[in-house]
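In the numbering used here, the protein residues as written are 1 to 242.
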């Protein structure tokens with residue numbers, strides 16, 4: 001049986017070290033940085049140029065190489081030779097891509113027929129990263145709305161969800177960001193955003209819950225969806241099997 005690394009004897013000293021490190025030594029987290037550029041919240045957006053992107057990837061490659069050295073993983077292993085570059089590119093161009101790119105262009109159309117019923121797009125993929133341990137968040141999103149003066153192409157809802165999901169964050173804030181953005185563009189009469197996802201920070205580590213059985217569900221309701229219980233129930237019943 002594998003050892004529980006959280007229970008080995010020296011863990012008490014590690015706990016004391018962590019307590020002092022995080023709670024007492026505030027100098028570890030200076031409020032002013034000397035990097036020459038601003039820092040932003042983990043789930044914020046800061047669009048960067050191609051030159052800045054290349055520079056970021058190359059700097060990260062160097063740091064990930066240092067991490068491998070510290071962890072005593074040989075970079076001469078043929079399977080790990082280019083790992084620092086692969087990891088750097090993965091974070092900047094894929095996992096955290098939403099942080100460094102402009103929001104997707106969203107074209108709206110006039111609601112000429114005065115549609116006044118629910119429009120629902122479900123099964124939208126979520127692939128994100130938790131901001132605590134940088135572990136995968138994987139799941140699905142549903143967006144439902146009753147249009148006001150405008151409607152939007154269904155693929156654009158997927159693009160919005162993808163853009164916001166590609167950054168480190170917590171699921172609760174992801175749903176709020178998606179709802180805020182759709183609200184600002186469409187001004188719908190009613191809006192609901194539901195996310196169901198697996199969090200690998202509690203599957204591959206920590207409590208190590210079952211991948212099959214563990215999911216987190218969050219919902220954000222706006223407009224009529226907040227106070228009209230009948231409408232809310234209709235929406236939730238339509239998506240109950242998503």
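Built from N, CA and C at the ideal position, the CB exists for glycine as well. Computed from a prediction, not measured in an experiment: that's the story for all the values here.
query                                                                                                    : result
Close Cβ partners of residue 109 (< 8 Å) along its chain, the five nearest in sequence each way excluded : 150, 151, 152, 153
Buried versus exposed, by CB contacts within 10 Å (16 or more), residue 200                              : buried
Proximity below 7 Å, CB of residue 171 to CB of residue 195                                              : yes
Environment of residue 157 [buried if 16+ CB atoms lie within 10 Å]                                      : buried
Residue 29 - DSSP class collapsed to helix/strand/coil                                                   : The predicted model places residue 29 with a pLDDT of 47, which falls under 50 and marks its position as unreliable; any figure quoted below should be read in that light. It is coil, neither helix nor strand.
Residue(s) in a DSSP beta bridge with residue 84                                                         : Residue 84 is not bridged to any residue.
Same chain only: Cβ atoms within 8 Å of residue 9, ignoring 5 sequence neighbours per side               : Residue placement at residue 9 cannot be trusted, given a pLDDT of 46 that sits under 50; what the coordinates show is reported in the next sentence. If we look at residue 9 and ignore the five residues flanking it on each side, it has no Cβ neighbours.
Buried versus exposed, by CB contacts within 10 Å (16 or more), residue 73                               : exposed
Contact set for residue 159: own chain, Cβ-Cβ below 8 Å, skip 5 residues either direction                : 104, 106
Distance between residue 234 and residue 48 (C-alpha atoms, nearest Å)                                   : 42 Å
Inter-residue spacing [alpha-carbon to alpha-carbon] between residue 55 and residue 130                  : 25 Å
Cβ distance (whole Å) where residue 84 is taken to contact residue 71 below 8 Å                          : Wrong, their Cβ atoms sit about 12 Å apart, outside the cutoff.
Option in 221, 94, 57 with minimal Cα separation from residue 168                                        : 94
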